[in-house]
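*Asks:*
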Amino acid sequence: MSFAASAVIHRDHLRHNLGVVRAARPDTCVMAMVKANAYGHGLVEVARALSGADSLAVARPEEAEALRAAGVDTDIVLLEGVFDAPGMATADALGCELVVHTPEQIALLAAHRADARFTVWLKVDTGMNRLGFPVAALDDAERALRDLPQVAELRLMSHYASADAEDGAQLAEQRKRLEARLARFDGVVSLANSPAALRAEALGADVPPASDWIRPGVALYGISPFGGVAAESLGLKPVMDFETRLIAVRDLEAGDRVGYGGRYTAKGPMRLGIAAAGYGDGYPRRMPDGTPVLVDGQAAGIAGRVSMDMLGIDVTQVPDAHVGSTVRLWGAGLPAEAIAQACDTIAYELVTRVSERVTRVYR
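Here it is, written out as structure tokens:
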């Protein structure tokens, strides 16, 4: 029995969630987000489990290299594109699709070998002000790319900044900026991320139409992209169960203090369990007292400041808690969204920060 923290990854839940997203947008292709180590779930294993996706998307060439080295032959999109000639050569060798969002990237592509053939996603900024050509510059960028022999197919991409917002005002504003231009674009278009793809199911409000490809991320991992809307209600299943075990159980008296700084004080006789997980494993130090956990499936709460390798849990109401008891930090029965809310962050951050020393167990 291992007492170290582990992340149990359910491959069947990944495939199930892909099916949920496809059902929500049945007439679209799916570009599955596996960047950032597949949101902390394990890049290669997740990519293999999502072989039913039409393509996979990563942020950096190194991620694409890891996938190809592992034998993954699904189409790969480089979401940030490349930034120098060696990066272009790597993308070419790996057969990657390129996102192009700056004039410099067009110049890099033009300088590459003329017999290369890339699928290129031209990124347009519709109001997020992160990456992409302004709508006003789109004609020139499109013309430049269509003139290049290296461009085998040109596609269009933009990104919604607030598709999870109930009122949809910014969503409509972004879509309006692009609407007239879309009618003149000869090629497929990708606009919808997880919240845009599931907006109708979650909020009863649809995203404006015209997206041939959707780009689900967090929804694939069984996490709701909407505040106040449970993943379960969307038909999603949590992919990661972040777990550890108790390595000690102590009896405390009223007034005993727990952990660094003595932040938690026992109000009366209590049992304190010490679990083998901490911020070194990716469980945030800022978790407040009372943050829920499950000990052998029963509700309990954090007691005291999270340490690097350990955290305290009030197991007074779990009378059978013992050394070796399973502690679930999030997963089935304890959504990551709820834990994220407890420490004022988002579930995306929780799962992506699970550290490399945490063993991923694939089932």
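In this text, residue positions in the sequence shown follow our numbering: the first is 2, and each later residue adds one. Positions of the beta carbon are idealized from the N, C-alpha and C atoms, including for glycine.
In this structure, does DSSP put V296 in helix, strand or coil?
*Replies:* strand
*Asks:* Please go through the segment 156-211 and give each complete beta strand (DSSP E) segment of 3 or more residues, from N-terminal end onward.
*Replies:* Segments of the beta strand (DSSP E) lying fully in the segment 156-211: 190-194.
*Asks:* Quick check on DSSP: helix, strand or coil for P320?
*Replies:* coil
*Asks:* Check whether the segment 340-357 touches the segment 257-268, taking contact to mean three or more Cβ pairs, one atom from each stretch, closer than 8 angstroms.
*Replies:* By the criterion of at least three beta-carbon pairs nearer than 8 angstroms, the segment 340-357 is not in contact with the segment 257-268.
*Asks:* Between the alpha carbons of F134 and A142, how many angstroms are there, rounded?
*Replies:* 8 angstroms
*Asks:* Excluding sequence positions up to five away, which residues of its chain have a Cβ less than 6 angstroms from the Cβ of P285?
*Replies:* C344
*Asks:* Between Y222 and H42, how many whole angstroms is the CB-CB distance? I'm expecting something under 8 angstroms.
*Replies:* Going by Cβ atoms, the distance from Y222 to H42 rounds to 6 angstroms, so yes, they are a contact pair.
*Asks:* Can you tell me the Cα-Cα spacing of E64 and T327, whole angstroms?
*Replies:* 33 angstroms
*Asks:* Counting C-beta neighbours from all protein chains within 10 Å, is the total for D85 16 or more, i.e. buried, or is it exposed?
*Replies:* exposed
*Asks:* Using the three-state DSSP reduction, which class does A278 fall into: helix, strand or coil?
*Replies:* coil
*Asks:* Going by beta carbon distance, what residues of the same chain come within less than 6 angstroms of G269, once the five residues before and after it are set aside?
*Replies:* A255
*Asks:* Tell me whether P135 sits in a helix, a strand or coil according to DSSP, three-state version.
*Replies:* strand
*Asks:* Please go through the same chain and pick out, in chain order, the residues whose beta-carbon is closer than 8 angstroms to the beta-carbon of D231, but skip the five residues on each side of it.
*Replies:* Before going on, a small fix: residue 231 reads as Ala here, not Asp. Within the same chain, A231 has close Cβ partners S225, P336, E338.
*Asks:* Determine the DSSP secondary structure at D252, reduced to helix, strand or coil.
*Replies:* strand
*Asks:* Rounded to a whole number of angstroms, what is the C-alpha to C-alpha distance between R364 and I10?
*Replies:* 6 angstroms
*Asks:* Which residue or residues does DSSP assign as beta-bridge partners of G313?
*Replies:* I275
*Asks:* Apart from the five residues just before and just after C97, which ones in its own chain have a Cβ nearer than 6 angstroms to its Cβ?
*Replies:* A65, I77, L79
*Asks:* Can you give the Cα-Cα distance for R49 and L253, rounded to whole angstroms?
*Replies:* 48 angstroms
*Asks:* Give me the Cα-Cα distance between L235 and S195, rounded to the nearest whole angstrom.
*Replies:* Distance between the alpha carbons of L235 and S195: 12 angstroms.
*Asks:* With a threshold of 7 angstroms on Cβ separation, who are the neighbours of S52 within its own chain once the five nearest residues in sequence on each side are excluded?
*Replies:* T75
*Asks:* Residue ranges of each alpha helix (DSSP H) run of no fewer than 4 residues wholly in the segment 36-123, ordered along the chain?
*Replies:* 36-40, 44-50, 62-70, 86-95, 104-112
*Asks:* I'd like to know if the segment 177-184 and the segment 212-221 are in contact, where contact means that at least 3 CB-CB pairs between them fall below 8 angstroms.
*Replies:* no
*Asks:* DSSP three-state label for I10, please.
*Replies:* strand
*Asks:* S3: buried (16+ other C-beta within 10 angstroms of its C-beta) or exposed?
*Replies:* Counting Cβ neighbours within 10 Å, S3 comes out exposed, since fewer than 16 surround it.
*Asks:* Following the continuous alpha helix (DSSP H) through A339, name the residue where it begins and the one where it ends.
*Replies:* 337-343
*Asks:* May I ask which residues mark the beginning and end of the alpha helix (DSSP H) holding A231?
*Replies:* It is not in any alpha helix (DSSP H) - A231 carries neither H nor E in the DSSP assignment.
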